[in-house]
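Visitor:
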Amino acid sequence: MPKKILIIDDDPVVVKYLQAVFSDNGYATCTASSSSEGLDVVRQEKPDLITLDLQMPGEWGPRFYRKLRKDKELKDIPVIVVSGIDGDHAIKDAVAFVRKPFDPEKLIGIVKNTIG
Amino acid sequence: MSHRVLLLNIDPPERRRLTPIIETLGCEVTAVGSDEDPAALLGDFGDGMIIAAAGPPEFEAAGIFEACGPETEWILLGSEGGLPSTAALENMAVSAVLPPSPPAALLASVLRSVREKIELRRRLKRGPTVPAPAAPAFSDAHLARERISAVHQVVERLSQLIGDIARDVEGGVKYFNAMPYFIAIHDSRAKVVAANQAYQKMLGGRVGDDSCAVYSGSSAAVKDCPVRRTLETGKPQRSRELVNYRSGARVPVIVHTAAVLDARERTELVLEVSAGTRELNRLRQDIQSSQQRYEQLFDAVPSYLAVLERGYYFTAVNRAFKEEFGDVTGSHFFDFFELREMRCAKSPVQRTFEDGQPHQSELVLAALNGRQYHTLAWTSPIATAAGKVVQVLMILLDVTRIHRLQNNLSELGLMISSISHSIKSVLTGLDAGVYLMESGWEKGDPEQIQEGLEAIKFMADRIRSIVFDVLYYAKERELKPERIDVVGFAHNVVESINKRFLESGVELVCDFDPQLGAFEIDRGVLCPALVNILENALEACLENQSQKPPQVLFRAVQREGQVIFEIRDNGAGMSEEQLGDVFKMFYSTKGSQGTGLGLYIAKKIVSHHGGSISVTASPGEGACFRIALPERSTAIPGGGEACEP
Chain A
4 MPKKILIIDD DPVVVKYLQA VFSDNGYATC TASSSSEGLD VVRQEKPDLI TLDLQMPGEW
64 GPRFYRKLRK DKELKDIPVI VVSGIDGDHA IKDAVAFVRK PFDPEKLIGI VKNTIG
Chain B
15 MSHRVLLLNI DPPERRRLTP IIETLGCEVT AVGSDEDPAA LLGDFGDGMI IAAAGPPEFE
75 AAGIFEACGP ETEWILLGSE GGLPSTAALE NMAVSAVLPP SPPAALLASV LRSVREKIEL
135 RRRLKRGPTV PAPAAPAFSD AHLARERISA VHQVVERLSQ LIGDIARDVE GGVKYFNAMP
195 YFIAIHDSRA KVVAANQAYQ KMLGGRVGDD SCAVYSGSSA AVKDCPVRRT LETGKPQRSR
255 ELVNYRSGAR VPVIVHTAAV LDARERTELV LEVSAGTREL NRLRQDIQSS QQRYEQLFDA
315 VPSYLAVLER GYYFTAVNRA FKEEFGDVTG SHFFDFFELR EMRCAKSPVQ RTFEDGQPHQ
375 SELVLAALNG RQYHTLAWTS PIATAAGKVV QVLMILLDVT RIHRLQNNLS ELGLMISSIS
435 HSIKSVLTGL DAGVYLMESG WEKGDPEQIQ EGLEAIKFMA DRIRSIVFDV LYYAKERELK
495 PERIDVVGFA HNVVESINKR FLESGVELVC DFDPQLGAFE IDRGVLCPAL VNILENALEA
555 CLENQSQKPP QVLFRAVQRE GQVIFEIRDN GAGMSEEQLG DVFKMFYSTK GSQGTGLGLY
615 IAKKIVSHHG GSISVTASPG EGACFRIALP ERSTAIPGGG EACEP
């Protein structure tokens, strides 16, 4: 059973990009285009890792992260921030902070180190 | 004449103690107990002294305090509680309040000073000429000496008084102090009996000299001098004369003389007051020229200067102020200005009136001329010599331009950061497109290749729109208005965006009145502005996943010389908070997909055309943008906005 990654980003192009990168490397993916949708998908799909954009319409990434960390069942899911804005302080215990535009190989390296 | 002392309401033992003390001072002592009726005794008590112990209230009720005249000197014994009422005190001359049983030395000292006071009053009352039968000891010579000493005092007092008055006159202190006022008193034989210091020092006049001695020319003759004329006519005189200064200079003066009459209406003394006309003229010129200098300075200052009175009335304004706001002297500040913004709760003018200190503040003023001024205002108090703030000088420095420049600079900074952010997201998109295509090739997945291609195309569009925004922002281009058909223009707009509507499945309903005619616009900039608003409407529809079929209504109508475009969507709508921000730079509801420039630039373009743009919306109900443009071009060069929208 392949490990599952949840991609949260409001840009559909970026979502498609990440989906292709992860599935090409043998991961399963699910997606959400906003923070609130993201929470629903996390509960439904129980992903092994989440990539999170910071700047999104409606609630931004950090708020999603806070809600995620309050949920006992979900709080241990590792999160990688993938964002165009400088906000590495916004989510302190994220696994990694990847700036857009990003190198897909580096991102895969981080993912592999995190969930194998 | 002896002095009478009445002991009122004082216990017999205390009476016995006090009586010898008083008698050694040469006063007659009478005593009245509380059981006796004092009113009868006091009826003609006159100018004596009454030593009264603070007593029972019925004492006061008997009207004892009022019964005596103002010449009766009261010495009260007692503590505060037992003193007469305030009403009674108003009618009494209380010389001293002593402890209930005063020590002998204290009482004697007080009595001595009160006695002196009474004596002085008696002497004044008697007057200088009325022979004093009660005191034949005063010889004529003695009286004359006393009179001269009194006159001497009067003269000194008078010149001191004039000096005091001069000191009160604002700004003129140094002139008035330097003014040689000559004051002299002459007797009926035209001899100087008293003169002030200036008279003695500058003119060399001395007591006993002939009155005419200080004069030069014809007035130097005994019979022609002003003092003599007053002595002869008994009338006040005013004349121009020449006097000899001790330094040898002959100086013109204006001389005023007035007679001092005795009891029989005969001229007894002559008061002479004179001032050098040269000094007066020089003084006048000095004042005039310094006044002119101040006025010139006031006018030459390149800032707006205004002098305000309490109650915000303009007392004076300088030339720059007049040129900008008109001559507002005499009018009320708030008839011409409206305070739009203030850092503090009180205006600096108000604060200066309150504490007499200079203040500084940033004010945004809306003037009657319709402009809004960002100003730095300094205020400083204009006070009298006594320190009372009567007016406030306000200096306004117009920093509107600097402010605008500042705004532009900060906008530029924001712009650059926003652009670099947009470029990052476009780069990511291009990376995405390339990756999708490459990986699609490897996997032989034509769908993914197609997706990659679409992503690249989409990014190319994004780059185009960013470039447009940046160019529009960067270049303060002049509008090139041309007269074009409104309906034709509206169709052009629709053509530019129709494809996106078709692709997204949002319906675009057009409703253009065929009678619209033509208007003057720069189509090259106005078209993208309207396209931008339509794009927003489209996206708002896509965001709203309600059951209603998504639809954007694009209307064009004509009303009162204006062409009005209405773009109404049934999309997600906006909250009140969002409505307030919608035209602000870099405000975007689209996250990383919007530059936040679109509507900001659209608004700028519309206002360049002399038009206006407004929006109404509520959450879930869609939004309606209303763009009103004048039919005739009233293009404003360079945007023409005096302030932030």
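Going down the list, the protein sequences come from chains A and B.
First residue of the first sequence: 4, per the working numbering; consecutive thereafter.
First residue of the second sequence: 15, per the working numbering; consecutive thereafter.
All residues carry an ideal CB built from backbone N, CA and C; glycine is no exception.
With burial defined as no fewer than 16 other Cβ atoms inside 10 Å of the residue's Cβ, what is the status of residue 11/A: buried or exposed?
Guide: buried
Visitor: Looking at residue 450/B: is its Cβ nearer than 7 Å to the Cβ of residue 462/B?
Guide: yes
Visitor: List the endpoints of the continuous beta strand (DSSP E) containing residue 412/B.
Guide: 403-412
Visitor: Please determine, among 245/B, 28/B and 406/B, the residue with the shortest C-alpha to C-alpha distance to residue 362/B.
Guide: Taking only the C-alpha atoms, the option nearest residue 362/B is 406/B.
Visitor: Using a Cβ cut-off of 7 Å, pull out every chain A residue sitting near residue 449/B, in sequence order please.
Guide: 20, 23, 24 and 107
Visitor: Please report how far the alpha carbon of residue 557/B lies from the alpha carbon of residue 585/B, in whole angstroms.
Guide: Approximately 7 Å between the Cα atoms of the pair.
Visitor: Should residue 104/A be flagged as near chain B, meaning a C-beta pair shorter than 7 Å?
Guide: yes
Visitor: Taking DSSP's pairing of strands, which residues face residue 59/A in a bridge?
Guide: Note: residue 59/A sits in no beta bridge, so no partner.
Visitor: Does any residue of chain A bring its CB to less than 7 Å from the CB of residue 441/B?
Guide: yes
Visitor: Over what stretch of residues does the alpha helix (DSSP H) that includes residue 111/A continue unbroken?
Guide: Its alpha helix (DSSP H) spans residues 107-118.
Visitor: Run through chain A and tell me which residues come within less than 7 Å of residue 453/B, C-beta to C-beta.
Guide: 23 and 27
Visitor: Excluding five sequence neighbours on each side, which residues of the same chain lie with their C-beta closer than 8 Å to the C-beta of residue 116/A?
Guide: Contacts found: none.
Visitor: Is residue 530/B helix, strand or coil by DSSP?
Guide: In the structure shown, residue 530/B sits in coil (DSSP, three-state: anything other than H, G, I, E or B).
Visitor: Out of 564/B, 624/B, 631/B and 504/B, point me to the one whose CA is closest to residue 576/B's CA.
Guide: Comparing Cα positions, the closest option is 624/B.
Visitor: Note down, in chain order, every chain B residue with its Cβ under 8 Å from the Cβ of residue 64/A.
Guide: The premise fails here: residue 64/A is roughly 10 Å from chain B at the closest Cβ pair, so nothing lies under 8 Å.
Visitor: Tell me where the beta strand (DSSP E) around residue 335/B begins and ends.
Guide: Where residue 335/B is concerned, there is no enclosing beta strand (DSSP E), although the alpha helix (DSSP H) it sits in stretches over 333-339.
Visitor: For residue 432/B, is the classification buried or exposed, using 16 other Cβ atoms within 10 angstroms of its Cβ as the cut-off for buried?
Guide: buried
Visitor: 7 Å is my cut-off, CB to CB: does residue 17/A come that close to chain B?
Guide: yes
Visitor: Residue 445/B CB to nearest chain A CB: under 7 Å?
Guide: yes
Visitor: I'd like to check one pair, residue 311/B with residue 332/B: are the Cβ atoms closer than 7 Å?
Guide: no
Visitor: Would residue 87/A pass as an interface residue toward chain B - the criterion being a Cβ-Cβ separation below 7 Å?
Guide: Against chain B, the CB of residue 87/A has a partner CB under 7 Å away; the residue lies at that interface.
Visitor: Quick check for students: name the residue ranges of the alpha helix (DSSP H) that lie wholly in the region 343-401 of chain B, counting only runs of 4 or more.
Guide: Fully enclosed alpha helix (DSSP H) runs of 4 or longer: 347-350 and 362-369.
Visitor: From the DSSP output, in three-state form, read off residue 473/B for me.
Guide: Here residue 473/B sits in helix by DSSP.
Visitor: Assign residue 623/B to one of three DSSP states: helix, strand, or coil.
Guide: coil
Visitor: Using only CA atoms, which one of 279/B, 228/B and 640/B lies nearest to residue 262/B?
Guide: 228/B
Visitor: Given a limit of 7 Å on CB to CB distance, which residues of the region 72-86 of chain A reach chain B?
Guide: none
Visitor: Going along chain A, which residues have a C-beta under 9 Å from residue 435/B?
Guide: 58, 87 and 88
Visitor: What separation, rounded to the nearest whole angstrom, lies between the Cα atoms of residue 187/B and residue 301/B?
Guide: Confidence at residue 187/B is low in this model, with a pLDDT of 45, below 50, so its placement is unreliable and the value that follows should be read with caution. The alpha-carbon atoms of residue 187/B and residue 301/B are separated by roughly 12 Å.
Visitor: Does the Cβ of residue 86/A have 16 or more other Cβ atoms within 10 Å, making it buried, or fewer, making it exposed?
Guide: Flag for residue 86/A reads buried.
Visitor: Just to make sure I have the definition right: I need the residues of chain B whose C-beta is within less than 8 Å of the C-beta of residue 43/A. Which are they?
Guide: By Cβ distance, chain B contributes nothing, its closest Cβ being about 14 Å from residue 43/A, past 8 Å.
Visitor: Is it right to say residue 582/B is buried, meaning 16 or more other beta carbons lie within 10 angstroms of its own, or is it exposed?
Guide: The residue in question, residue 582/B, is buried, as its Cβ has 16 or more Cβ neighbours within 10 Å.
Visitor: For the region 518-596 of chain B, list the beta strand (DSSP E) runs that are entirely contained and at least 3 residues long, ordered along the chain.
Guide: 521-526, 532-535, 565-573 and 576-583
Visitor: Within 10 Å of its beta-carbon, does residue 289/B have 16 or more other beta-carbons around it, so buried, or fewer, so exposed?
Guide: buried
Visitor: So, does the CB of residue 637/B fall closer than 7 Å to a CB anywhere in chain A?
Guide: no
Visitor: Select from the region 473-497 of chain B all residues with a C-beta closer than 7 Å to any C-beta belonging to chain A, and list them in chain order.
Guide: none
Visitor: Please report how far the alpha carbon of residue 111/A lies from the alpha carbon of residue 483/B, in whole angstroms.
Guide: 36 Å
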